[in-house]
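Step one of this worksheet: look at the structure below.
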Amino acid sequence: MPVDVIFQVLIGGILLGGLYALVAFGLSLIYGIVRVLNFAHGTLLAVSGVIASLVFTSWHWHPVFIGLLLAPAVFVFGYVFYMVLLHPLEHRSEFESVVGGVLITVGAMLILSDATTMMAGATQRTIQVPFESIDIGQIVVSTTQLYILVGIAALTLGVHVFLKKTWFGRAIRAVTQDSTGAQICGVDGTRLKSLTFAFGSATVAVAAILYAMSFPVSPYMGFPLTVKAFTIIVLGGIGNLRGALLAGIFLGVAESMTGLFWKAEWAPALSVVLMLVILVAFPRVAGRTVS
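As structure tokens, then:
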């Protein structure tokens, strides 16, 4: 196997893993605060990606401008979704809350996928931004890949600064570590949960644009992405952005190398196998909460 081919696949795996990590960021925040297994999270990326690609194809808007409009819209959608469908579960028993959350988010996943298919079709779509090739020795890197890399770094840094420097971010970390103590200190649990769900949804909308610039998106691709995000949370820990980024890159590179050296059909199953191995062999490490 030529070395330049391996490096080319490695670069693609790093970008793919970074995108996986962006999906996991929002899901990790939502689970850490709301305690809901949001099975519709990946589908929200799929739907956002389809919408972004349609807007780009129809009106040729710049992806950054699309993101500036799409992220607030998805934020509002996430807020309304939580307040209307998930907030009533707070007054139920723990068992009813868990089961109800799963049923609601699975239902949302199916409805969003079907509705998007009816309106836009099931065709795979991309955001095809004009690009130039940059030769680094025998390795070829496109400007689109550089844009995606910068976008991943910017969004990761933005989420990190937001969680570390703002009142909202500090409240999220406080509730993740000690929810009872945080409420005693005056943190409004309902407000925090609704805004966290909305914020986590908005981050995946931005990730959708970056994803569609490099990989095809379709209405029914969401559930596998959700599984990969769960795997990253299991590997990196709840609320750990650095751990999620490293775990995402590891998973993306592992999938890419699996497709290169073995069979591409095996790559999608890798995340499930990896998650099961960690849950069985290292149950204390899996999904640990990080301060």
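The sequence shown begins at 173 in my numbering and counts up one residue at a time. Even for Gly, the Cβ is constructed at its ideal location relative to N, Cα and C.
So residue 403 and residue 446 are in contact, right, with Cβ under 8 Å, and what is the actual spacing, rounded?
6 Å
Enumerate in chain order the residues of its own chain whose CB-to-CB distance from residue 201 is below 6 Å, with the five nearest sequence positions on each side excluded.
368 and 372
Alpha-carbon spacing of residue 405 relative to residue 183, whole angstroms
23 Å
Pull up the distance between the alpha-carbon of residue 247 and that of residue 310, whole angstroms please.
43 Å
Integer Cβ distance of residue 431 from residue 439, believed to fall under 8 Å
5 Å
Quickly, what does DSSP pair residue 297 with across the bridge? List them, please.
389
Could you give the first and the last residue of the continuous beta strand (DSSP E) run that contains residue 410?
It is not in any beta strand (DSSP E) - residue 410 carries neither H nor E in the DSSP assignment.
If you follow the beta strand (DSSP E) that residue 312 is part of, which residue opens it and which one closes it?
311-314
Flag this pair as yes or no: are the beta carbons of residue 219 and residue 297 separated by less than 8 Å?
no
State yes or no: is the C-beta of residue 343 within less than 8 Å of the C-beta of residue 331?
no
Just mark residue 295 as buried or exposed, buried being the case when its beta carbon has 16 or more other beta carbons within 10 Å.
exposed
Please classify residue 474: does DSSP put it in a helix, a strand, or coil?
Residue 474 cannot be examined here, being either before or after the span of the chain that is shown, 173 to 463.
Whether residue 539 touches residue 225 by CB criterion (8 Å)
Absent from the structure is residue 539, since the part of the chain shown begins at 173 and ends at 463.
Rounded to a whole number of angstroms, what is the C-alpha to C-alpha distance between residue 179 and residue 314?
14 Å
So, does the segment 250-257 touch the segment 315-335, judging by three or more C-beta pairs under 8 Å?
no
Under the rule that 16 or more other beta-carbon atoms within 10 Å means buried, what is residue 208, buried or exposed?
buried
Specify the secondary structure class of residue 360 as computed by DSSP and reduced to three states.
coil
Sort 336, 322 and 242 by Cα distance to residue 190 and report the nearest one.
322
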